[in-house]
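As structure tokens, the structure follows; a few thoughts come after it.
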Amino acid sequence: MEAVEPTIGFSYRMKRKDDTWHYAEIIESRLNKQANDRVEYYVHYEGLNRRLDEWVTADRIDLLSCSPSSEQQKQMFDLLSNSPDSNEEETRKITRNQKRKHDEINHVQQAYDDMDPTTAALEKEHEAMTKVKYIDRVRFGKYEMDTWYFSPYPEEYGKQSKLYICEFCFKYMKFQRTYLYHTKDCNWRHPPGPKIYAKDSIAVYEVNAEDHKYGRLFQVFCQNLCLLAKLFLDHKTLYFDVGPFMFYILCEIDRQGSHMEKVSPDGNNLACIMILPPYQRKGYGKFLINLSYELSKLEHRIGSPEKPLSDLGKLTYRSYWSWALLDVLRETKDTMSIRDLSEVTGIAHCDIVDTLQWLNMAKYWKGRYVLYLTPKLIDDCLRSELFKRPVLTVDK
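Here's what the structure looks like:
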């Protein structure tokens, strides 16, 4: 009897790493040369963020549960159904408004139907180009990390299931033996460029990719940095044209040197921010956001991050903005406008309005936004989960 194999384009129940079962669509298959030519299938779990996509073996697939993928089901439904009447459309809009906060908090990936046509078209094009992440693990210093997204490493490296990356210079390698030789020879112990901040066991370095003092050394360093960052960022396209950006790299320092965990190339007042998985939940994300606003204040300008923000980025920024604004509001006894808040915190007008609306502190009245503040409302917000004082802040 001929063995049944999974079919690309169809959905099956998959056993996830936490031993739970979830339907997933099979996107592609491969022979993994780094695992003795083992057959693996690339799957997308329906309803979950793309960063959870992964390569699985056939023993994790319930072959008897084969069904059309959600996209195939949607296409069939569209063919069989008529457009909804106005009442149904209004109900749908109400439902979307009610679920928006839930989706943001729970990292639910936005459906194409919830986007405007231009955004939906761009998102579909982006997803098609980056649909499969061939690199599913990286060795970085003492850590091995599961990757989240596709990154455009050169062909011979980009199709490897595992890459080895130097934690000091970000050089990438295909083989462990090459990596071990390199770690013995690499003389780097911290990023190139000046140290602009240091406290206890952390330091921040500023790297200018256009610094020609050392030829193309800084440029290659920044390019390698971006390729690594893209493994954990979905909607960033900065890979090789690094010239216009300043890079701020936060490091943990030990006897071995400065271990580079975070990346934040500077565009607006922050073009993107990335915290490698082993270093998350230490307060470094909000610290880098705080740093970006302090740098903006030194330059006497108002700052705002490059948008759109990722789901995790939006949560981190909203938490930081809530803390920064509430911290000012609870201390002031005078009347404050949104412009006043912007000048004190360095936060852009639009971001302040968005955050205060989220906190139910700003109302649109007679063509302008008005702050609705009472001591009780501020006190309630300070006691709630919305107010989370950063673990680390920049010493001024």
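Counted the way the UniProt record's numbering counts, the sequence shown spans residues 1 to 396.
Glycine included, each C-beta is placed from N, C-alpha and C at the ideal position.
May I have the straight-line CA-CA distance separating GLU104 from LEU276, to the nearest angstrom?
Counting from 1 along the sequence shown, the entry for residue 104 is found at position 104. Counting from 1 along the sequence shown, the entry for residue 276 is found at position 276. Low confidence applies here, because GLU104 scores a pLDDT of 48, under 50, leaving its location unreliable; read the following figure in that light. Rounded to whole angstroms, GLU104 to LEU276 spans 21 Å at the Cα level.
Which of the three DSSP states, helix, strand or coil, is assigned to ASP266?
What you label residue 266 is simply residue 266 of the sequence shown in a count that begins at 1. For ASP266, the predicted model reports a pLDDT of 42, less than 50, meaning its position is unreliable; a value from the coordinates is still stated below. If DSSP states are grouped into helix, strand and coil, ASP266 belongs with the strands.
Which of helix, strand or coil DSSP assigns to TYR164
Translated into the one-based positions of the sequence shown, residue 164 becomes position 164. When DSSP states are grouped into helix, strand and coil, TYR164 belongs to the strand group.
Reduced DSSP category for ASN106 - H, G, I as helix; E, B as strand; rest coil
Counted from its first residue, the sequence shown places residue 106 at position 106. Caution applies to ASN106, whose pLDDT of 46 falls short of 50 and renders its modelled position unreliable; the value that the coordinates give is listed next. Here ASN106 sits in coil by DSSP.
Would you mind giving the Cβ-Cβ distance between ILE165 and TYR157, rounded to the nearest angstrom? I have them listed as a contact below 8 Å.
The sequence position of residue 165 within the sequence shown is 165, counting from 1. The sequence position of residue 157 within the sequence shown is 157, counting from 1. Cβ atoms of ILE165 and TYR157 stay farther apart than 8 Å, at about 10 Å.
Following the continuous beta strand (DSSP E) through LYS15, name the residue where it begins and the one where it ends.
By 1-based counting over the sequence shown, the position of residue 15 is 15. First-last of the beta strand (DSSP E) with LYS15: 10-15.
Sorted by chain position, which residues of the same chain lie with C-beta nearer than 7 Å to VAL353's C-beta, five sequence neighbours on each side aside?
Locating residue 353 in the sequence shown gives position 353, where the first residue counts as 1. Excluding sequence neighbours, VAL353 sits near ILE338, ALA362, TYR369.
Cβ pair count under 8 Å reaching 3, the stretch 206-221 against the stretch 134-154:
No, the stretch 206-221 is not in contact with the stretch 134-154.
Report the residue from TRP148, ASP62, TYR179, PRO152 whose alpha carbon sits nearest the alpha carbon of LYS142.
Start at 1 with the first residue of the sequence shown, and residue 142 comes out as number 142. Selected option, being the one with the closest Cα: TYR179.
Spatially closest choice to TRP148 from ASP241, ALA229, TRP321, LYS184, by CA coordinates:
In the sequence shown, counting from the first residue as 1, residue 148 sits at position 148. Considering only alpha carbons, the answer is ALA229.
Measure from the alpha carbon of GLY243 to the alpha carbon of each residue in ASN208, ALA348, LEU295, GLU252, then state which is nearest.
Here residue 243 refers to the residue found at position 243 of the sequence shown. Measuring from the Cα of GLY243, the nearest candidate turns out to be ASN208.
So if DSSP puts HIS44 in a beta bridge, which residue, or which two residues, is it bridged to?
Residue numbering aside, residue 44 sits at position 44 when the sequence shown is read from its first letter. DSSP lists GLU25 as partners of HIS44.
So, under 8 Å CB-CB, TRP323 and ARG389 are touching, yes? Tell me the CB distance rounded to an integer number of Å.
Within the sequence shown, residue 323 is the residue found at index 323, counting from 1. Within the sequence shown, residue 389 is the residue found at index 389, counting from 1. Rounded, the Cβ-Cβ distance is 6 Å, consistent with contact.
Reduced DSSP category for ASN32 - H, G, I as helix; E, B as strand; rest coil:
Here residue 32 refers to the residue found at position 32 of the sequence shown. Three-state result, ASN32: strand.
For LYS297 versus GLY367, is the C-beta spacing smaller than 8 Å?
Residue 297 sits at position 297 when you count from the first residue of the sequence shown. Residue 367 sits at position 367 when you count from the first residue of the sequence shown. No.
ILE94 by DSSP, collapsed to three states: which one?
Reading the sequence shown from its first residue, position 94 is the one you call residue 94. Residue placement at ILE94 cannot be trusted, given a pLDDT of 44 that sits under 50; the coordinates are not used to answer.
Backbone secondary structure at VAL353 - three-state DSSP:
By one-based count along the sequence shown, residue 353 stands at place 353. The three-state secondary structure of VAL353, taken from DSSP, is helix.
Can you tell me whether PHE170 is helix, strand or coil according to DSSP?
Taking the sequence shown and counting its residues from 1, the one referred to as residue 170 is at position 170. PHE170 falls in the coil class under three-state DSSP.
Local conformation of ASP379 per DSSP, three classes
Taking the sequence shown and counting its residues from 1, the one referred to as residue 379 is at position 379. ASP379 carries a helical assignment under DSSP once its states are collapsed to helix, strand and coil.
What would DSSP say about residue 407, mapped onto helix, strand or coil?
The first residue shown for the chain is 1 and the last is 396, placing residue 407 beyond what the model contains.
Answer with buried or exposed for PHE245, where buried requires no fewer than 16 other C-beta atoms within 10 angstroms of its C-beta.
Taking the sequence shown and counting its residues from 1, the one referred to as residue 245 is at position 245. By the 10 Å Cβ count, PHE245 comes out buried.
Residues bridged to ARG318 [DSSP beta-bridge criterion]:
Position 318 of the sequence shown, counted from the first residue, corresponds to residue 318. None, per the DSSP bridge assignment.
Is the beta carbon of VAL394 less than 8 Å from the beta carbon of GLU294?
Taking the first residue of the sequence shown as position 1, residue 394 is located at position 394. Taking the first residue of the sequence shown as position 1, residue 294 is located at position 294. Yes. Within cutoff.
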